[in-house]
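Everything on this sheet refers to the single structure shown next.
There are 2 protein chains.
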Amino acid sequence: MAIERVCIIGAGTIGSLYAGHLADVAEVLVLTRRPEHADALNQHGLRVTGKSERHVRVTASTDPGELPEFDLGIVATKATDLEAIAQRLEGRFAGAAMMTIQNGLGAEEVMRRHGEWRLISAVTFMSGNRRGDAEVEYELDTATWMGPYAGTETPFAIVRDACELLLACGLQAEAMSDLRPAQWSKLIFNAAVNGVAALTELPHVAEFAAEARPADLGHLVHDLIAEGVRVADAAGVELHDDPWEMNRRAVTRGETNRSDYAHLPSMLEDVLARRPTEVDAISGALVREGERVGVPAPLNAAVWRLVRGKERSWAGAARTSPEEVRA
Amino acid sequence: MAIERVCIIGAGTIGSLYAGHLADVAEVLVLTRRPEHADALNQHGLRVTGKSERHVRVTASTDPGELPEFDLGIVATKATDLEAIAQRLEGRFAGAAMMTIQNGLGAEEVMRRHGEWRLISAVTFMSGNRRGDAEVEYELDTATWMGPYAGTETPFAIVRDACELLLACGLQAEAMSDLRPAQWSKLIFNAAVNGVAALTELPHVAEFAAEARPADLGHLVHDLIAEGVRVADAAGVELHDDPWEMNRRAVTRGETNRSDYAHLPSMLEDVLARRPTEVDAISGALVREGERVGVPAPLNAAVWRLVRGKERSWAGAARTSPEEVRA
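Just so you know, the protein sequences line up as chains A and B, in that order.
Using my numbering, the first residue of the first sequence is number 1, and each one after it goes up by one.
Using my numbering, the first residue of the second sequence is number 328, and each one after it goes up by one.
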């Protein structure tokens with residue numbers, strides 16, 4: 001399959017990074033939620049700064065009915081917005097392959113309930129910062145890993161084509177026959193690191209690997225990860241990476257070669273902005289998988305319930321302000 | 328022992344409630360941390376509003392050396408301030424009995440390291456709101472329970488005298504030969520309810536007893552309490568109250584007969600004011616007791632580590648404001 005036209009479905013930070021690069025090698029459509037976002041992209045194009053510099057043309061719309069057929073869809077919404085967008089795609093673009101890159105587990109199943117698209121599972125380690133509706137900064141130029149959605153008939157050739165397209169426009173990518181080892185490594189890492197960041201409001205800093213004193217946070221991160229690894233074992237998934245080593249390397253300069261590494265995990269971004277988080281798809285998914293395979297995950301369940309409780313506190317935030325308490 | 332002179336050591340909400348009432352039946356001294364607090368009390372006296380109305384004279388100072396001998400000291404600082412005040416009391420007031428009312432465990436041991444006072448263990452369920460340095464509102468007129476510090480030679484007669492003094496001035500009180508069953512009931516309740524409130528920033532509301540759906544917070548509160556009960560069992564403490572029932576009753580109108588019950592646990596007050604919390608003396612104490620008796624308490628350890636992590640996030644709060652993330 002020659003991929004000539006790509007549709008980026010949801011142009012947050014990650015979707016914008018794909019759109020901005022892929023426009024070098026394909027025609028790029030963008031499906032947005034907000035009309036003013038589509039207008040900005042149609043008028044001004046999309047600018048990428050940081051690790052690469054680009055200014056490209058894209059065709060954006062909020063209405064799937066206005067978009068032409070495409071070969072590859074990259075579904076880049078938050079996990080929390082996936083159900084809504086999948087409903088709007090239902091009955092359309094039957095010829096496209098759809099690649100899901102959401103955090104956590106379960107994105108492919110949501111898509112499957114709404115159409116017969118060939119599905120590509122993916123995880124990405126890229127990061128960036130939106131600078132507005134028509135500009136995104138490329139921060140970590142790390143890989144997207146992809147594979148056929150396990151247990152379906154998505155041919156590996158399509159995955160390889162999508163991978164080559166990403167490589168051709170300068171992104172990092174790798175095609176794998178089975179993505180689950182990588183998907184689960186990231187799931188277990190995210191459940192621990194995003195969950196602890198969301199609850200402590202600490203960015204991903206050295207404390208996440210500290211285990212010298214009993215109250216040190218590294219013990220909890222380690223225990224959350226160990227619980228996730230036990231669930232993966234019971235689910236028959238052999239992990240691609242050791243999530244504890246991923247955590248340790250990230251906060252000890254190994255990944256970034258910067259001593260001031262203090263990445264803001266996406267779930268902490270959501271917490272600080274008081275948006276619903278992806279905790280259901282991350283910690284919640286791990287807990288549900290644990291139940292399915294008969295391995296309890298009480299610490300991940302605790303994180304899940306606490307983050308959900310924290311989300312509910314925002315509704316009642318007017319009850320007591322810090323100023324009233326400090327007074 | 329006739330108790331004629333009482334010293335309130337630390338006049339936050341609870342200390343002020345004791346001072347305001349006890350002045351009816353004894354001479355009341357107050358040891359404060361801030362000079363302006365002592366000045367306000369000496370100039371204006373102390374006013375109590377709410378469940379009882381009083382305006383009394385007290386003698387306040389920041390300097391233990393300025394205070395005369397007294398019969399009973401009520402040590403009412405936060406657990407986090409206890410070590411500092413115990414150091415300042417060292418070598419003084421040898422004839423006094425000292426009653427500790429801190430949340431959690433370990434206050435008596437801190438005092439013991441600094442003097443030979445006869446020690447009374449106490450827990451209080453009173454609550455109120457400070458309205459300034461010289462005024463406090465009495466909210467819940469519930470009991471103070473007290474007993475001889477277990478394993479020491481504090482005679483029960485002193486405890487009974489202290490209890491009668493509290494009753495004489497209109498407070499609720501009960502003397503017990505062994506306080507540990509009550510102290511541990513409150514410890515386990517506080518570790519769960521204060522910890523979950525501090526992390527979710529929810530006041531103590533109905534969600535704390537909700538167990539209908541897998542993500543409901545009541546599961547976590549229940550599991551935290553079950554863990555604490557197992558530690559108590561192994562430590563040979565038979566609980567005075569079932570902490571889960573304490574939680575359930577509190578949020579289902581049983582205690583307050585109010586449908587809008589939403590008590591702000593003290594650890595959440597500290598979080599909202601960005602003050603150090605008492606989590607070391609509460610969740611931390613439970614974890615340490617668990618280790619001592621060979622019963623792990625991983626969920627309480629998680630709460631301990633997360634709250635400690637959250638405290639550290641305040642130092643770096645300038646790194647990213649919610650406004651920057653929302654933008």
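Glycine is no exception: its CB is placed at the ideal position from the N, C-alpha and C atoms.
Quick caveat: nothing in here was measured; it's all calculated off a predicted structure.
- Contact of residue 546(B) with chain A by beta-carbon distance below 8 Å involves 301 and 305.
- Short of 7 Å from the beta carbon of residue 79(A), and not among the five residues preceding or following it, lie these beta carbons of its own chain, in chain order: 102, 103, 104, 107, 278 and 281.
- At a Cβ-Cβ threshold of 7 Å, residue 70(A) and residue 5(A) count as neighbours.
- Per DSSP, the unbroken alpha helix (DSSP H) holding residue 228(A) starts and ends at 217 to 234.
- Judged by DSSP in its simplified three-state form, residue 132(A) adopts strand.
- Contact of residue 212(A) with chain B is not assigned, every C-beta pair being separated by 7 Å or more.
- For the alpha helix (DSSP H) assignment, the uninterrupted runs of no fewer than 4 residues enclosed by the segment 81 to 154 of chain A are, from N- to C-terminal side, 82 to 89 and 107 to 112.
- At a Cβ-Cβ threshold of 7 Å, residue 346(B) and residue 385(B) count as neighbours.
- Unbroken beta strand (DSSP E) stretches of 3 residues or longer found wholly inside the segment 377 to 406 of chain B: 381 to 383, 386 to 388 and 399 to 402, given in chain order.
- For residue 200(A), the nearest CB of chain B lies under 7 Å from its own CB, placing it at the interface with that chain.
- Taking every protein chain shown into account, the CB of residue 445(B) has 16 or more other CB atoms within 10 angstroms, so this residue is buried.
- Shown here, residue 7(A) sits in a strand according to DSSP, grouped into three states.
- Rounded to the nearest whole angstrom, the C-alpha separation of residue 291(A) and residue 350(B) is 59 Å.
- Within the model, the alpha-carbon separation for residue 152(A) versus residue 82(A) is close to 20 Å.
- In the three-state reduction of the DSSP assignment, residue 28(A) falls in the strand class.
- Against chain A, the CB of residue 621(B) has no partner CB under 7 Å away; the residue lies outside that interface.
- Taking 3 residues as the shortest admissible run, the segment 262 to 324 of chain A contains no complete beta strand (DSSP E) segment at all.
- For residue 502(B), the enclosing beta strand (DSSP E) stretches over residues 500 to 502.
- By alpha-carbon distance to residue 204(A), the top candidate from 159(A), 91(A), 293(A) and 252(A) is 252(A).
- Neighbours of residue 378(B) in chain A, taken as residues whose beta carbon is under 7 Å from its own, are absent, since the nearest beta carbon is some 21 Å off.
- In the three-state scheme derived from DSSP, where H, G and I count as helix and E and B as strand, residue 567(B) is classed as coil.
- For residue 505(B), there is no enclosing alpha helix (DSSP H), since its DSSP letter is neither H nor E.
- Cα atoms of residue 559(B) and residue 565(B): separation of roughly 7 Å, rounded to the nearest angstrom.
- Among the residues of the segment 404 to 431 of chain B, none has a Cβ less than 8 Å away from any Cβ of chain A.
- For residue 196(A), the closest alpha carbon among the candidates 304(A), 289(A) and 129(A) is that of 304(A).
- Judged by DSSP in its simplified three-state form, residue 487(B) adopts helix.
- Comparing alpha carbon positions, the residue from 52(A), 187(A) and 62(A) closest to residue 243(A) is 187(A).
- By the C-beta criterion, the segment 497 to 510 of chain B is judged to be in contact with the segment 469 to 484 of chain B, since at least 3 inter-stretch pairs fall below 8 Å.
- Residue state for residue 205(A) is assigned as coil, using DSSP reduced to three classes.
- Counting the other Cβ atoms within 10 Å of the Cβ of residue 563(B) gives fewer than 16, which makes it exposed.
- With at least 16 other beta carbons inside 10 angstroms of its own, residue 265(A) counts as buried.
- Residue 48(A) has 54(A) and 136(A) as its beta-bridge partners, per DSSP.
- Neighbours of residue 231(A) in chain B, taken as residues whose beta carbon is under 8 Å from its own, are absent, since the nearest beta carbon is some 15 Å off.
- Nearest CB-CB separation between residue 454(B) and chain A: not below the 7 Å threshold.
- In terms of Cβ geometry, residue 450(B) and residue 509(B) form a close pair [threshold 7 Å].
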